[in-house]
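Quick notes on the structure that follows.
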Amino acid sequence: MTTEGDSATLSIVVNGKPRLVGAGLSVAGLLRTLKVNPGMVVVERNREILARDALETTPVKEGDRIEVVHFVGGG
Amino acid sequence: MTTEGDSATLSIVVNGKPRLVGAGLSVAGLLRTLKVNPGMVVVERNREILARDALETTPVKEGDRIEVVHFVGGG
Amino acid sequence: MTTEGDSATLSIVVNGKPRLVGAGLSVAGLLRTLKVNPGMVVVERNREILARDALETTPVKEGDRIEVVHFVGGG
Amino acid sequence: MTTEGDSATLSIVVNGKPRLVGAGLSVAGLLRTLKVNPGMVVVERNREILARDALETTPVKEGDRIEVVHFVGGG
Amino acid sequence: MKGKRRPDGSFLIAGRTFDSRLIVGTGKYHSNREMTQAIRASGAEVVTVAVRRVDLDRSREEGILHYLDPREFFLLPNTAGCYTVADALRYARLGRAAGLSDWVKLEVIGDEHTLLPDTTATLEAAALLVAEGFKVMAYTNDDLVTALRLEDAGCVAVMPLASPIGSGLGVVNPYYIREIKRRLCVPVIVDAGVGTASDACITMEQGVDGVLMNTAIAAATDPVGMATAMKHAVRAGRAAYLAGRMRPREIAVPSSPVAGMLDGNTD
Amino acid sequence: MKGKRRPDGSFLIAGRTFDSRLIVGTGKYHSNREMTQAIRASGAEVVTVAVRRVDLDRSREEGILHYLDPREFFLLPNTAGCYTVADALRYARLGRAAGLSDWVKLEVIGDEHTLLPDTTATLEAAALLVAEGFKVMAYTNDDLVTALRLEDAGCVAVMPLASPIGSGLGVVNPYYIREIKRRLCVPVIVDAGVGTASDACITMEQGVDGVLMNTAIAAATDPVGMATAMKHAVRAGRAAYLAGRMRPREIAVPSSPVAGMLDGNTD
Amino acid sequence: MKGKRRPDGSFLIAGRTFDSRLIVGTGKYHSNREMTQAIRASGAEVVTVAVRRVDLDRSREEGILHYLDPREFFLLPNTAGCYTVADALRYARLGRAAGLSDWVKLEVIGDEHTLLPDTTATLEAAALLVAEGFKVMAYTNDDLVTALRLEDAGCVAVMPLASPIGSGLGVVNPYYIREIKRRLCVPVIVDAGVGTASDACITMEQGVDGVLMNTAIAAATDPVGMATAMKHAVRAGRAAYLAGRMRPREIAVPSSPVAGMLDGNTD
Amino acid sequence: MKGKRRPDGSFLIAGRTFDSRLIVGTGKYHSNREMTQAIRASGAEVVTVAVRRVDLDRSREEGILHYLDPREFFLLPNTAGCYTVADALRYARLGRAAGLSDWVKLEVIGDEHTLLPDTTATLEAAALLVAEGFKVMAYTNDDLVTALRLEDAGCVAVMPLASPIGSGLGVVNPYYIREIKRRLCVPVIVDAGVGTASDACITMEQGVDGVLMNTAIAAATDPVGMATAMKHAVRAGRAAYLAGRMRPREIAVPSSPVAGMLDGNTD
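Protein chains in written order, with this note's numbering: chain Y, 35 to 109; chain W, 35 to 109; chain V, 35 to 109; chain X, 35 to 109; chain C, 8 to 274; chain R, 8 to 274; chain A, 8 to 274; chain F, 8 to 274.
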């Protein structure tokens, strides 16, 4: 049913692009989905930086704006 | 009496130096005493600039800090 | 006859280009032929500069190398 | 006798200064007198450079102008 | 529209037309007589003056107005010597109270050794003075970002330095001066650092609208002669800028034709 | 006695007085009309010309004398394009045969890429031309020793380059130019390399007697405008040299008095 | 006590000792391999990195940590690309959250064409970051007053530019750089503008503590070769500064003795 | 084939391989001990020496060979102090008679104030010495035409000055130095004028094969420190030349990526 479908899928924005993800996912789980190694990145959720040890326990919620950043070449 | 003596002499500061002047003097009168042409200067009294046409009507009061400035060479 | 033909035509070089001119021509006459004002140029004949007043009296001879120069823009 | 005295002393110039030296001296001998190591210098006699192996066999003669040079600091 | 260049070579600041692009200071001369002679020789229309106390101990104190007729020159009071916003406002207001105009050359100094501006304080003072109706010409460093903000603050001219006041080092950074001119709409007047005529000429060749100097003239051996030099140098630099210089190149190019050489040149 | 500076600002070469210290070439203009306008705008009295063949194929070949009146300008023939002593003598004699004067601007080029002089050949040609009665103004590099020898050879003026002909790089080595001026008695005219007005101004600030240019004016976007710029620049540089510039220093010095500030300045 | 120079040539920033005075950026290389080779050739210990989004569309996105081992190099995150205080704080915090250190190279840009800093915003951001415990190394322009304020704000190093980022124009204003070094107590690292080895050498000769560059190496034809050049140039400039250069003079002085010449030299 | 650059960084003069591109003089040191320390620190292989009279009045006169082992250094005798062809030949022959080599650094001075060469005499002396079997390295000015003639005369290296001997003014005219290098086939060694490390670096960046200096090291406050600086500076300049510098440009270009910035940056 649609309600079930709705509850099972979250609409979020990751690095500026809308994505649909399954409900109940942690941020760490999201990173795994994205094939990103959590040890090499920093994650900001709704303008709050998440400590690395909070990634497993922080749920992804509807409407979250998530930024996954890392170091690149720069001067 | 001392009060009369007091009232007859005011202690002011003009361009950073203490001066004693007679009571009842206007700022214009003070300038005359100082041999300063009012048309060539600007007068500040207690941090307020006096308009030139107010010089005659503005009395000098005890404790006044008066600055008499003009234009000099500068870059 | 060939001798007459020879005597009637001289082969000279003017400003680097071969020219055939009639025999008996003076340098001044050559300049007139070339439509050059003698007062505005200097003439060198076989590496000798000709004075202006010698132009009328100097004959053009077979094989002469003549340079006609003037002032042009230069730095 | 004066002739013997004359023959026993030569007047020469070494490095710009007049010197009297005993007759019969070789250039090498002169250098020894001057406490100069022949291996470290070059000798010019009357504007001719002396090869090092000629120093012993070249006699000093009356009026010789001798230059003894070596390397010094320079840019 | 930038609108500062006009057909006859004059230029506008705050709607007022000036013919000379040279603005001169009046400080440091040996005598007032020398000063007026030099200023006349320079051809300047705008001259800067400072606001200072009358010296009441001197029997016949004479301000500069005894020597410079405000009908002959446009006197521009400065706030030289001020290190704070409050002081700059105070001196600006005193200058305006003299009744000549509501123009001010704003200086807020940030360091007494270099006399470099305090740009933060200059921006703040500029905004406040503009709000009080002043026409503010702001002395500043050669930083483009500050210059843009001073324009935004309403200054009628922005006056970056060529090098420190009184140094005579000339235009140390022509790139920055050129970039400031390129990006601003209000007139750009280079203020401070010119040491000799070629410095003034180079300054104007960057395309700026004018140049302000004092020490280069006053501290020359012959101030009047140097003032004449500066008049010509400013004209020269402006004319060269407008005429469009040749491209420099590392290869030589003959000035005389290569064609038309004679035969038989020696080999 | 060097005797070249005269009270009225004019200067002498070979006993002849000139008022303008700017000498200009006549090459590379788009049209003869533009050339004459630019030269008039420059205020130059001496103008250089080259000797070249008349183009006999053109119906109405016109030499430069159609455009420059020898009564208005002093025409100085050059030996541009010559690479040997013999050629330089040949061109110099042809130039003199035009009957205007016995002056010549001697050039003997040593390298066609840089147009740098062959100084050995220039010295030789100078001596021969002087012996033939020429007044020789010799183009040379910025080498003092060569300049001294050219003076010894009897040249009436020595003309070191500022930078290669047509390069517009300006005065690359002011030390050498200054030293040449210091050490020679005959006039020193800097010839070649000026690119824009400030280059001319800097040249004159070295104390030299004059400056000769061609490309900087002819190759400007607006030659007439640049000629005007150069006129002012040469005057500016000369006046600044005579006026004695301030000493540059790395420390700032205020233009406005430090005394006479008001009480209670904000701390 | 300035306390930054130590007997063994190393220097301190915020109590941490560094042996190399060359800091390099990691941007603009053709490949990560070339980057690591060049950085190793440069001898740099501190390398700057930027904080950017992971590109989630690329199958195997690799951050720079795959190529630069934080145990080999001290990685210094920057806030490049930030135009506001808020953005600079955000990027600084993200950089710190990576867990390497609490150092940041602060940049707040004020103009996108010149990449010149917004000094007002930089000062504000510096104060806020210092309050959050960051070790702030602040990119700034060559303005002394701003540099002094950045020191007052608690920055551990002040980093004036030599010329605009990526321009390669070298040290346009050595006076200002030298004055900033003279007046500050914290280390001064010149950041941006170096174009080739001599620029780095000149920079260090001003007495500054170090120099930061990126484009000069990465955009050279041979980045690894240029990195080697820069390593030597920084050492050369530092050593020359410490050794105390001879005074330049316009008079020649022989290197070989004038005494001891032979008699009879040709006249 | 120019054939002077070799894979391992060494270079050839007259068929002899050298590893260091720095040649140093031995004059003007406070002590021989300081001299040898400085020369070792510089890494130079070739060192110049002058020929002078032994001082016979000093009890233990010691020539420079007591301090410099010819097996450690290649000693290059000069003809410093000579003003004529005859003198230069005399000193060259005396130097060769010492038996170390048939190399000579030829100097024929034309002016005692500037120590600039007499190029005409230098050319003549060079040809005569070459005919006598000398390997002539000729000191000359920065004139391309003279340099080309010296190469034609058979010199094994041409040594233009950067600026006058002992002046420390650095490379006043890099264009000429660069052009000389471009046009000659024999090695070009810049001789004289370097004042500090960056001058040496700039010199080498012009592409020349080496640089010779004396005063810059000997007259530094700390000659040994400056010698070290020069060693690095020459390497830096050479490496930068080979690596190919970035193009300078007046527009800034970011070093960090503009892509990958976060959303919601403050407006």
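The beta-carbon is built from N, C-alpha and C at its ideal position, and this holds for glycine as well. Note that the structure is a prediction, hence the values are computed from the model and not measured.
Could you tell me whether the Cβ atoms of residue i and residue j are closer together than 8 Å?
i	j	result
A/Ile184	A/Val193	no
F/Tyr146	F/Lys112	yes
F/Val265	A/Gly88	yes
C/Ile209	C/Val31	no
C/Met268	R/Arg78	no
C/Thr222	C/Gly175	yes
R/Gly244	C/Ala204	yes
R/Val61	V/Val102	yes
F/Ala169	F/Val197	yes
A/Ala133	A/Ala104	no
R/Thr121	R/Thr153	no
R/Val54	R/Ile46	yes
X/Val61	X/Val77	yes
A/Glu139	A/Pro124	no
F/Pro255	A/Gly173	no
Have a look at the DSSP bridge pairing and note the partners of residue i.
i	result
Y/Pro93	Y/Ser60
C/Arg84	Residue 84 of chain C is actually Pro in this sequence, not Arg. Looking at the DSSP assignment, C/Pro84 forms a beta bridge with C/Val56.
V/His104	R/Arg59
F/Phe25	F/Phe18
F/Tyr142	Reading the sequence as shown, one finds Lys at residue 142 of chain F and not Tyr. Looking at the DSSP assignment, F/Lys142 forms a beta bridge with F/Trp110.
V/Leu44	V/Val55
V/Arg99	V/Val47
Y/Glu82	Y/Arg79
Taking Cβ-Cβ distances shorter than 7 Å, what residues in chain R pair up with residue i?
i	result
C/Met144	Near C/Met144 there are no residues of chain R at all, since even the closest Cβ is about 15 Å away, more than 7 Å.
C/Met42	Residues of chain R passing the Cβ test: none, with the nearest at roughly 12 Å.
Whose Cβ in chain C lies nearer than 8 Å to the Cβ of residue i?
i	result
W/Val47	Near W/Val47 there are no residues of chain C at all, since even the closest Cβ is about 12 Å away, more than 8 Å.
W/Leu64	Within 8 Å Cβ-Cβ: nothing; W/Leu64 doesn't reach chain C, min ~11 Å.
Can you pull the chain Y residues whose beta carbon is under 9 Å from the beta carbon of residue i, in chain order?
i	result
A/Leu82	Phe105
Among the options, which one has its Cα closest to the Cα of residue i?
i	options	result
Y/Arg53	Y/Leu59, Y/Pro93, Y/Leu44	Y/Leu44
R/Leu19	R/Ile172, R/Thr121, R/Val163	R/Val163
Y/Leu68	A/Asp64, A/Arg23, A/Ile46	A/Asp64
C/Arg156	A/Met211, A/Ala128, A/His239	A/Ala128
A/Phe81	A/Asn148, A/Glu41, A/Arg100, A/Ser108	A/Ser108
R/Lys142	R/Pro84, R/Ser17, R/Gly70	R/Pro84
C/Ser263	R/Lys35, R/Gly16, R/Leu29	R/Lys35
X/Asn49	X/Arg79, X/Gly56, X/Ala42, X/Ala57	X/Arg79
R/Thr235	R/Gly50, R/Ser17, R/Arg23, R/Ser38	R/Gly50
C/Gly22	C/Glu212, C/Trp110, C/Asp149, C/Lys188	C/Trp110
Run through chain R and tell me which residues come within less than 8 Å of residue i, C-beta to C-beta.
i	result
C/Asp229	Leu249, Ala250, Gly251
Going along chain X in order, which residues have a C-beta closer than 9 Å to the C-beta of residue i?
i	result
A/Ser262	Gly107, Gly108, Gly109
Under 7 Å: does the beta carbon of residue i sit that close to some heavy atom of the ligand FAD?
i	result
X/Glu101	Here there are no bound small molecules, and the ligand FAD is not part of this structure.
Can you pull the chain F neighbours of residue i, defined as C-beta to C-beta under 7 Å?
i	result
X/Leu68	Leu63
A/Lys35	Ser262
At a CB-CB cut-off below 9 Å, which residues of chain V make contact with residue i?
i	result
R/Asn148	None at all; the shortest Cβ gap to chain V is about 16 Å.
For residue i, which residues in chain W fall below 9 Å Cβ to Cβ?
i	result
C/Ile172	Gly109
Anything in chain C within Cβ reach of residue i, meaning under 9 Å, just list it in chain order.
i	result
R/Ile258	His120, Thr121, Pro171, Gly173, Ser174
Taking only runs of the beta strand (DSSP E) that begin and end inside the region 147-219 of chain A, which ones reach a length of at least 3 residues, in chain order? 164-167, 196-198
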